[in-house]
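Participant:
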Amino acid sequence: MKIKFWGARGSIPVPDSRMIKYGGNTTCVEVSYEDKVIIIDAGTGIRKLGEDLTQRGINKADIFITHSHWDHIQGFPFFELIYSSKVKLNIFGCTNSYKQLKTIFTNQMSSEYFPVSFKDLKSDISFLEACGKQYDINGFVIKTIQANHPIFTMGLRIELNGKSFVFITDNELLSQKQTTKREAFVDFINNADYLVHDSQFLDSEYENRLNWGHSTFEQVYALAKDANVKNLGFFHHDPNRKDDELDEIEKRFKKQGKIDKAGFEIFAVKELDEIKL
Ligand SMILES: [Zn+2]
Ligand SMILES: [Zn+2]
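Heads up: the sequence shown at position 189 corresponds to 209 in this note's numbering, and the numbers run straight through without jumps.
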């Protein structure tokens with residue numbers, strides 16, 4: 021499978037010359053195999069993905085929405101596939117603790133916010149409730165876990181041909197209101213080829229960000245060690261985090277990994293990064 025990150029920023033898009041390297045677009049990840057495409061989240065990164073899919077002639081995709089916070093859905097009205105009558109999209113999400121996804125996507129395109137209404141879209145879009153533990157889609161095995169976040173948020177483990185990619189964004193590992201305990205994340209992630217996890221804060225910043233629903237680099241590094249992963253990617257970069265700071269953090273953790281003999285590669289995810297598994 022191939023994984024491509026179309027947006028790695030958290031909270032809000034940041035078009036800023038100090039943040040070009042890691043990118044300013046919010047969460048959107050493409051997982052593909054041949055012409056089978058799974059999309060995770062519809063942050064602003066999905067706009068460029070739409071251009072790319074159109075060029076590749078792809079007119080079918082399954083979209084998993086981890087949760088409906090702005091930075092995970094705001095690119096949807098700009099995803100050009102939704103305007104094509106040749107396109108079929110399935111949108112999966114679990115809305116246990118909030119409104120139905122279809123209502124959220126429709127409201128986002130109501131006339132107060134956007135000129136084109138959802139009902140006028142030409143593509144065929146289905147919304148599917150996905151609160152279960154496992155889905156088998158086009159050969160991909162997709163397992164889910166509930167993250168610790170103010171609303172229901174799903175983490176995903178995607179497996180194909182013996183390889184595994186775990187993507188958990190917007191998750192406060194050590195939240196005081198834990199819905200999922202750290203041990204359960206360790207089990208879920210265990211032996212993954214890649215773990216990409218929310219690491220919005222540094223430990224030194226965390227005290228003032230308790231219960232915002234995000235983790236720290238230090239916490240995620242420790243989790244990756246306990247779960248015996250092969251590669252760790254830091255994700256959902258804070259909108260104030262500049263390129264030189266992320267470079268420095270990445271360097272620091274690579275060094276720490278060597279000292280600890282952690283046995284896995286560490287990187288901060290950059291927009292347009294690709295992984296082949
Ligand atoms: Zn977010
Ligand atoms: Zn969120």
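We treat Cβ as the ideally placed atom computed from N, Cα and C, and that holds for glycine. All values derive from a computational prediction rather than experimental measurement.
Can you tell me whether Thr-47 sits near ligand 1, meaning its C-beta is under 7 Å from at least one heavy atom of the ligand?
Facilitator: The count along the sequence shown starts at 1 and reaches residue 47 at position 27. Under cutoff, so the answer is yes.
Participant: Looking only at C-alpha atoms, which of Val-289, Val-249 and Pro-259 sits nearest to Asp-267?
Facilitator: Position 247 of the sequence shown, counted from the start, is the residue given in the question as residue 267. It is Val-289.
Participant: Whole-angstrom Cβ separation of Val-240 and Phe-254, contact assumed at under 8 Å?
Facilitator: For the purposes of this step, residue 240 is taken as residue 220 along the sequence shown, with counting starting at 1. For the purposes of this step, residue 254 is taken as residue 234 along the sequence shown, with counting starting at 1. With a Cβ gap of about 7 Å, Val-240 and Phe-254 count as contacting.
Participant: State yes or no: is the C-beta of His-257 nearer than 7 Å to some heavy atom of ligand 1?
Facilitator: The sequence position of residue 257 within the sequence shown is 237, counting from 1. No, the Cβ of His-257 stays beyond 7 Å of every heavy atom of ligand 1.
Participant: Who are the Cβ neighbours of Ile-279 in its own chain at under 6 Å, not counting the five residues just before and after it?
Facilitator: Indexing the sequence shown from 1 puts residue 279 at position 259. So the list is empty, once near-sequence residues are dropped.
Participant: Leaving out five residues on either side along the sequence, give the residues of the same chain with a beta carbon under 7 Å from the beta carbon of Asp-61.
Facilitator: In the sequence shown, the residue the question calls residue 61 occupies position 41. Thr-47, Cys-48, Val-49, Ile-85, Thr-86 and His-92, listed in sequence order.
Participant: According to DSSP, Met-174 sits in a beta bridge with which residue or residues?
Facilitator: Here residue 174 corresponds to residue number 154 of the sequence shown, with the count starting at 1. For Met-174, which the question treats as bridged, DSSP gives the partners Gln-166.
Participant: Report whether the distance from the Cβ of Asp-72 to the nearest heavy atom of ligand 2 is below 7 Å.
Facilitator: Numbered from 1 along the sequence shown, position 52 holds the residue referred to as residue 72. Checking the Cβ of Asp-72 against ligand 2 gives no.
Participant: Any heavy atom of ligand 2 closer than 7 Å to the beta-carbon of Gly-253?
Facilitator: Taking the first residue of the sequence shown as position 1, residue 253 is located at position 233. False, no ligand heavy atom lies under 7 Å from that Cβ.
Participant: Note down, in chain order, each residue of its chain lying with its Cβ closer than 7 Å to the Cβ of Glu-100, except the 5 sequence neighbours on either side.
Facilitator: Here residue 100 refers to the residue found at position 80 when the sequence shown is read from its first residue. Counting only Cβ-Cβ distances below 7 Å, and skipping sequence neighbours, we find Gly-70, Glu-71 and Thr-74.
Participant: Since Gln-154 is in the beta strand (DSSP E), which residue starts that stretch and which ends it?
Facilitator: Walking along the sequence shown from the start, residue 154 turns up at place 134. Note, Gln-154: beta strand (DSSP E), 154-157.
Participant: Under DSSP, the beta strand (DSSP E) around Arg-133 begins and ends at which residues?
Facilitator: On the sequence shown, residue 133 is found 113 positions in, with the first residue counted as 1. Rather than Arg, the amino acid found at residue 133 in this sequence is Tyr. It is not in any beta strand (DSSP E) - Tyr-133 carries neither H nor E in the DSSP assignment.
Participant: To test your reading of the DSSP string, which unbroken beta strand (DSSP E) runs of 3 or more residues are found completely within the stretch 260-292?
Facilitator: The qualifying runs are 285-288.
Participant: Is the CB-CB distance between Ile-269 and Phe-237 below 8 Å?
Facilitator: Sequence index remark: in the sequence shown, residue 269 carries index 249 (1-based). Sequence index remark: in the sequence shown, residue 237 carries index 217 (1-based). In this structure, Phe-237 lies closer than 8 Å to Ile-269 by Cβ.
Participant: For the alpha helix (DSSP H) containing Tyr-42, list its first residue and its last residue.
Facilitator: Translated into the one-based positions of the sequence shown, residue 42 becomes position 22. Unbroken run through Tyr-42: none, as it is neither H nor E.
Participant: Would you mind working out which of Pro-35, Trp-26, Ser-146 and Lys-24 sits nearest Pro-259, comparing C-alpha positions?
Facilitator: Taking the first residue of the sequence shown as 1, we reach residue 259 at position 239. The candidate whose alpha carbon is nearest that of Pro-259 is Pro-35.
Participant: Taking C-alpha atoms, which residue in Lys-106, Ile-32, Gly-152 and Gln-128 lies nearest to Gly-113?
Facilitator: As a first step, residue 113 is located in the sequence shown; it is residue number 93 there, counting from the start. For Gly-113, the nearest C-alpha among the options comes from Gly-152.
Participant: Provide the residue span of the alpha helix (DSSP H) that contains Leu-252, from first to last.
Facilitator: Residue 252 sits at position 232 when you count from the first residue of the sequence shown. Taken as a continuous stretch (DSSP letters only), Leu-252 belongs to no alpha helix (DSSP H), being part of the beta strand (DSSP E) at 251-255.
Participant: Who does Asn-110 pair with in a DSSP beta bridge?
Facilitator: Here residue 110 refers to the residue found at position 90 of the sequence shown. Paired residue(s): Asp-82 and Ser-146.
Participant: Please list, in chain order, all residues of the same chain as Lys-24 whose beta carbon is under 6 Å from its beta carbon, the five residues on each side excluded.
Facilitator: As a position in the sequence shown, residue 24 is number 4, starting the count at 1. These residues qualify, in order along the chain: Glu-50 and Glu-294.
Participant: Any idea what DSSP makes of Val-51, helix, strand or coil?
Facilitator: The count along the sequence shown starts at 1 and reaches residue 51 at position 31. DSSP places Val-51 in strand when its eight states are reduced to three.
Participant: Helix or strand or just coil, what does DSSP make of Trp-26?
Facilitator: Position 6 of the sequence shown, counted from the first residue, corresponds to residue 26. Of the three classes helix, strand and coil, the one that applies to Trp-26 here is strand, per DSSP.
Participant: Any heavy atom of ligand 2 inside 7 Å of the beta-carbon of Asp-190?
Facilitator: For the purposes of this step, residue 190 is taken as residue 170 along the sequence shown, with counting starting at 1. True, at least one ligand heavy atom lies under 7 Å from that Cβ.
Participant: Measure the CB-CB distance between Gly-63 and Asn-168 and report whether it falls below 8 Å.
Facilitator: As a position in the sequence shown, residue 63 is number 43, starting the count at 1. As a position in the sequence shown, residue 168 is number 148, starting the count at 1. Not closer than 8 Å, so no.
Participant: Taking 7 Å as the cut-off, is the beta-carbon of His-217 closer than that to any non-hydrogen atom of ligand 2?
Facilitator: Position 197 of the sequence shown holds residue 217. No, since every heavy atom of ligand 2 falls outside the 7 Å radius drawn around the Cβ of His-217.
Participant: Just how far apart, CA to CA, sit Ile-178 and Lys-56?
Facilitator: Stepping through the sequence shown from its first residue, residue 178 is reached at position 158. Stepping through the sequence shown from its first residue, residue 56 is reached at position 36. Computed Cα separation, rounded: 13 Å.
Participant: Rank Asn-127, Asp-144 and Gly-95 by C-alpha distance to the C-alpha of Lys-106 and give the top, closest one.
Facilitator: Your numbering for residue 106 matches position 86 in the sequence shown. Ranking Asn-127, Asp-144 and Gly-95 by Cα distance to Lys-106 puts Asp-144 first.
Participant: Give the range of the alpha helix (DSSP H) segment to which Glu-225 is assigned.
Facilitator: Residue 225 sits at position 205 when you count from the first residue of the sequence shown. Unbroken alpha helix (DSSP H) run through Glu-225: 223-226.
Participant: Indicate, with yes or no, if ligand 1 has a heavy atom lying under 7 Å from the CB of Gly-30.
Facilitator: Position 10 of the sequence shown, counted from the first residue, corresponds to residue 30. Yes, the beta carbon of Gly-30 sits closer than 7 Å to at least one heavy atom of ligand 1.
Participant: Work out the CA separation of Ala-282 and Lys-245 for me, nearest whole Å.
Facilitator: As a first step, residue 245 is located in the sequence shown; it is residue number 225 there, counting from the start. As a first step, residue 282 is located in the sequence shown; it is residue number 262 there, counting from the start. Cα to Cα, Lys-245 sits roughly 6 Å from Ala-282.
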